[in-house]
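Take a look at the structure below.
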Amino acid sequence: MRAVTAPAVRARDARTRRASIAREASARASRETETNPPRSKTAAYEQAHLAIVKGLEGTMKRREGGSTKRKSGRTKKTTRARLAVELPVSDGSDEGMVEMAVGTLGDLASDATCVFGSAKACAIASGDEGVRFESAGAREGVVALVGVPADRVEAAMKKCKAASGRPVVGVNVEWAHAGDGGLANAMDRQQKGIDDQPMSDVEEFTHSFVVVYSFLPLSIQATMFGSTLEGAVFKCVRGGAPAGSPWRILVKENGEFEQVGAMQRRPEQADLESALYNSIAAKSQVNQVVGKASGFMRGLFNRDK
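FYI, the numbering for the sequence shown is 27 to 331, going by this note's numbering.
Structural data, given as structure tokens:
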């Protein structure tokens, strides 16, 4: 056995403390980044761009490494990333769509192929130096589907198939999906007893997207309590598997968003109503009085014993 001197022990303890402090600081910064929605349109674009970059990291590494082989000797196919970002739209014009695409893609735009849901938006973007347009299979960057409506999903799917395995990013696509890569749809098919039936290419494509960034402001009319609340659903991936970043339900209090709920799946209407109702009820003056009275009664009964 090798003896460890006191200075060595102290140095090791110091390194351990520094590492612990660094981890705590990193975790705190991560939490702050995740729970703080953007205060401006530019900040929303920056957050969404970083989420896309983090979501693409694993895919890009796999692409650079080429195909890998399993222990059985079979080649493992490279997974094509299909990511989605969802931002509030204050300007629904074609010019606004182009601005959102360029702002969200950031430095990825120079090597991207953008597919717009509007022909006019495509024409406007064609004159933008930051975005180029050509055959979907001719480049190596991402394919961005921007504001594509639900009735054009099949056309979008064909564009992506022609892209020969390039990552796809949906920016405010208009078809409904759970944002989990198809897990919720698979469970729904199983519950309906149709999981043994083949899925159409369009259905599979529609549900194949994983949300890495979502900021959806809400306005809640709380008639029971005579007030209107500002809220939001917020998800922001900053590393790791996107499924590990929860969907947060937020309510604005004194100008700042406060988390009142979190879920690993996209919150539905009932989830939002429940979280927001509980938040309002917990802070209502009536409930505070009832809570104090309950504590007083418990105190009386305890003294009787």
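We treat Cβ as the ideally placed atom computed from N, Cα and C, and that holds for glycine.
As the structure is a computational prediction, the values presented were derived from the model and not from experiment.
Query                                                                                                                                                                : Result
Among all the DSSP beta bridges, which residues are the ones paired with residue 261?                                                                                : 240
List in chain order: all unbroken beta strand (DSSP E) runs of 3+ residues lying wholly within the region 139-216.                                                   : 139-142, 169-172 and 194-197
For residue 286, which residues of its own chain have a beta-carbon under 6 Å away from its beta-carbon, when the five flanking residues on both sides are left out? : 275, 277, 301 and 305
Counting Cβ pairs closer than 8 Å, one from the region 71-82 and one from the region 258-274, do we hit at least three?                                              : yes
Whole angstroms is fine: what's the gap from residue 206's alpha carbon to residue 237's?                                                                            : 7 Å
Just to confirm, is the Cβ distance from residue 273 to residue 290 under 9 Å?                                                                                       : yes
Taking Cβ to Cβ, would you say residue 139 is nearer than 9 Å to residue 71?                                                                                         : no
By the DSSP assignment, the alpha helix (DSSP H) with residue 231 in it spans what residues?                                                                         : 227-232
Which same chain residues end up closer than 6 Å to residue 171 when comparing Cβ atoms and leaving out the 5 residues on each side of it in sequence?               : 141, 182, 196 and 199
Where does residue 67 sit, in a helix, a strand or coil, going by DSSP?                                                                                              : helix
Are residue 268 and residue 134 touching if we call contact CB-CB under 9 Å?                                                                                         : no
Could you tell me whether the Cβ atoms of residue 241 and residue 125 are closer together than 9 Å?                                                                  : no
Provide the residue(s) that pair with residue 278 in DSSP beta bridges, ordered along the chain.                                                                     : 283
Between the alpha carbons of residue 151 and residue 303, how many angstroms are there, rounded?                                                                     : 44 Å
From which residue to which residue does the alpha helix (DSSP H) around residue 332 run?                                                                            : With the chain covering 27 to 331 only, the question about residue 332 has no answer from this structure.
In angstroms, rounded to a whole number, what distance separates the CA positions of residue 348 and residue 190?                                                    : Residue coverage of the chain in this structure runs from 27 to 331, which leaves residue 348 outside it and unanswerable.
So the beta strand (DSSP E) residue 110 belongs to, where does it begin and stop?                                                                                    : 108-112
Am I right that residue 179 and residue 201 are in contact with their C-beta atoms under 8 Å? What's the rounded C-beta distance?                                    : 5 Å
Looking only at C-alpha atoms, which of 283, 233 and 299 sits nearest to residue 204?                                                                                : 233
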